[in-house]
Amino acid sequence: MGNLSSYHGIRALITGGLGFIGSNLAIELVNLGAEVTIVDNMLPLQGGNLFNIRDIASKVNTQFADITSSLSMNNIIKDKDVIFHLAGQVNHIDSMRNPINDLDINCKGTLVILEACRNFNKNAKILFTGTRGQYGPTVKLPVDENHPMDPQGIYAITNMAAEKMIMVYNNVHKIRGACFRISNTYGPRHQMRHDEYGVFNWFIRKAIDNEVIKVFGSGNIIRDFIYVDDVVKGLLMAGVSDKVDGEVFNMGSGQPIDFITLAKKIVETAGSGKYEFSDFTRERKELEHGNYYSDCSKIKRLLGWAPETKLGEGISRTLEFYRKFKKYYW
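Numbering-wise (the numbering used here), the sequence shown opens with residue -13 and increments by one.
See below:
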């Protein structure tokens, strides 16, 4: 993994580190010899799970803290070299039910972190994970970073605002930052208790339980699914590269697949479960804005990153993980 060996001894902070991407990132950072601090407030239903870091719990410093608290974050951030800012309210549907909470966590939380860096640690580097939902309805495919931004939900709007804050602090205050608009991510350590985000992993759960996977509408809507290990590698590569500073990148597989094909593939690989078509719920219909898959040529050009995990392999690994550890996620 090339220059990732330079993580040895680096002081890394992961906000949201008990969640899906954060915990997978923490494991890899520990393997690379980094000194890892995790911040997570364990909000219900957001995916924080202590089992996610079971194998490295004694090797990381876990802080149960709120990123919106300046008192907490000022102290935690002051000696860190790199900050992977993954904490956020990530439930699209809940963001419409409780938009003030989204604003508080995604916007205020990001600003608190940036101010902590400006006042106490200007040498820190921040990597922020946003969402492909920031683009809203697509006007061309594949979607590159210059595609019009027309977010249709509060979650996407607050992510776009947080991204803009990172860029302002990079340009004005010289707090190095890079942002990533990440496609639908799947794999081990994702929450599996409900279906309000993480549709791929919910399909996995249904297949494992030999239940019906509900495919909304015609099933022909296209998405771009990326395995979590590929996301982690991209973030790690960015954390030790000056080429990404002040830049925004798409991160996805770039390989479109429709939902009915995905459901069929999961059922076939699992050897259990079945699928059927279903009408959209009102909430899901409001948040559904058509086809999407990403153009990742920019990150490949500047960083040399490209996804490596094929869909079939990713499905198999995900099934294997949850079958083994089902009781910790269901």
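Even for Gly, the Cβ is constructed at its ideal location relative to N, Cα and C.
Are residue i and residue j close, meaning C-beta to C-beta below 8 Å?
| i | j | result |
| --- | --- | --- |
| Gly238 | Tyr279 | yes |
| Asn206 | Ile246 | yes |
| Leu72 | Thr117 | no |
| Ser258 | Ala164 | no |
| Leu297 | Lys250 | no |
| Glu317 | Val234 | The question about residue 317 has no answer, for the chain in this structure spans -13 to 316. |
| Ala147 | Cys93 | yes |
| Lys284 | Asn236 | yes |
| Asn107 | Lys66 | yes |
| Ile7 | Val217 | yes |
| Gln120 | Ala142 | yes |
| Val324 | Ile(-4) | For residue 324 there is no data in the structure shown, the boundaries of the chain being -13 and 316. |
| Ser44 | Arg175 | no |
| Val154 | Ser(-8) | no |
| Gly2 | Gly74 | yes |
Mark residue i as exposed unless 16 or more other C-beta atoms lie within 10 angstroms of its C-beta, in which case mark it buried.
| i | result |
| --- | --- |
| Ser302 | exposed |
| Phe263 | exposed |
| Leu331 | The structure shown has nothing for residue 331, since the chain only spans -13 to 316. |
| Gly(-12) | At Gly(-12) the pLDDT is 47, less than 50, meaning the model places this residue with poor confidence and gives no usable figure here. |
| Trp316 | exposed |
| Phe189 | buried |
| Leu36 | exposed |
| Lys313 | exposed |
| Lys111 | buried |
| Ser204 | exposed |
| Ala341 | The shown model of the chain, from -13 to 316, leaves out residue 341, and the question about it has no answer. |
| Glu254 | exposed |
| Asp210 | buried |
| Thr23 | buried |
| Thr304 | buried |
| Leu4 | buried |
| Ile86 | exposed |
| Glu306 | exposed |
| Phe266 | exposed |
| His180 | exposed |
| Arg162 | buried |
| Leu31 | exposed |
| Glu299 | exposed |
| Gly290 | exposed |
| Asn187 | buried |
| Lys160 | exposed |
| Leu145 | Here the sequence assigns Asn to residue 145, which means Leu is not the residue at that position. With 16 or more Cβ atoms within 10 Å of its Cβ, Asn145 is classed as buried. |
| Lys219 | buried |
Give the single residue among the options whose Cα lies nearest to the Cα of residue i.
| i | options | result |
| --- | --- | --- |
| Tyr172 | Leu248, Val201, Lys126, Ala147 | Leu248 |
| Met28 | Ile53, Lys66, Arg40 | Ile53 |
| Met362 | His176, Ala20, Arg167 | Absent from the structure is residue 362, since the part of the chain shown begins at -13 and ends at 316. |
| Lys39 | Asn17, Ile13, Asn60 | The residue asked about is misnamed: residue 39 is Ile in this sequence, not Lys. Here the closest residue by C-alpha is Ile13. |
| Phe202 | Phe211, Ile152, His275 | His275 |
| Val198 | Tyr261, Ser169, Lys310 | Tyr261 |
| Val76 | Leu89, Pro293, Ile69, Phe70 | Leu89 |
| Gln241 | Ser169, Ile91, Ser(-8) | Ser169 |
| Val319 | Ile208, Arg179, Asn156, Pro174 | No answer is possible for residue 319: the residues shown for the chain start at -13 and end at 316. |
| Asn17 | Leu222, Pro30, Arg268 | Leu222 |
| Leu97 | Asn196, Ser55, Gly220, Asn109 | Ser55 |
| Ala256 | Asn196, Pro174, Ile208, Lys310 | Asn196 |
| Ala292 | Glu299, Cys282, Gly300 | Cys282 |
| Lys310 | Arg191, Gly232, Lys200 | Arg191 |
| Val129 | Gly95, Thr144, Ile208, Ile152 | Ile208 |
| Gly95 | Pro137, Lys160, Ile152, His133 | Ile152 |
| Lys64 | Asn105, Arg268, Gly232 | Asn105 |
| Val68 | Lys200, Asn109, Pro137 | Asn109 |
Write down the C-beta distance between residue i and residue j rounded to the nearest angstrom, noting that I regard them as a contact closer than 8 Å.
| i | j | result |
| --- | --- | --- |
| Thr48 | Asn277 | Not quite, the Cβ-Cβ distance comes to about 40 Å (not below 8 Å), so this is no contact. |
| Glu21 | Ala(-2) | 7 Å |
| His(-6) | Gly19 | 4 Å |
| Ile0 | Leu11 | 6 Å |
| Ile99 | Met59 | 6 Å |
| Asp228 | Thr295 | Actually they are not in contact, since the Cβ atoms of Asp228 and Thr295 sit about 27 Å apart, beyond 8 Å. |
| Gly322 | Met82 | Residue 322 lies beyond the residue range present for the chain, which begins at -13 and ends at 316; the question has no answer from this structure. |
| Phe70 | Leu113 | 5 Å |
| Glu182 | Ile42 | Incorrect: roughly 28 Å between the Cβ atoms, too far for contact. |
Legend entry - Secondary structure, alpha helix (DSSP H): runs of 4+ residues fully inside the region 121 to 198: For the region 121 to 198, the continuous alpha helix (DSSP H) assignments of 4+ residues that do not extend past its boundaries occur at 140 to 158, 185 to 194, in sequence order.
Inset, instruction - Enumerate, from N- to C-terminal direction, the unbroken alpha helix (DSSP H) stretches of 4 or more residues contained entirely within the region 56 to 119. - result: Counting only runs of at least 4 residues, the region 56 to 119 fully encloses the following alpha helix (DSSP H) elements, listed from N- to C-terminal order: 56 to 63, 78 to 83, 85 to 88, 95 to 106.
Legend entry - Inside the region 211 to 247 only - beta strand (DSSP E) runs reaching at least 3 residues: If we require 3 residues or more, the beta strand (DSSP E) runs fully inside the region 211 to 247 come out as 234 to 237, 242 to 244.
Legend entry - 3-residue-minimum beta strand (DSSP E) runs that sit fully inside the region 257 to 305, ordered along the chain: Runs of the beta strand (DSSP E) inside the region 257 to 305: 260 to 264.
Inset, instruction - Let me know the beta strand (DSSP E) ranges lying completely inside the region 33 to 58, each 3 residues or longer, listed in chain order. - result: For the region 33 to 58, whole beta strand (DSSP E) runs of length 3 or above, ordered along the chain, are 46 to 49.
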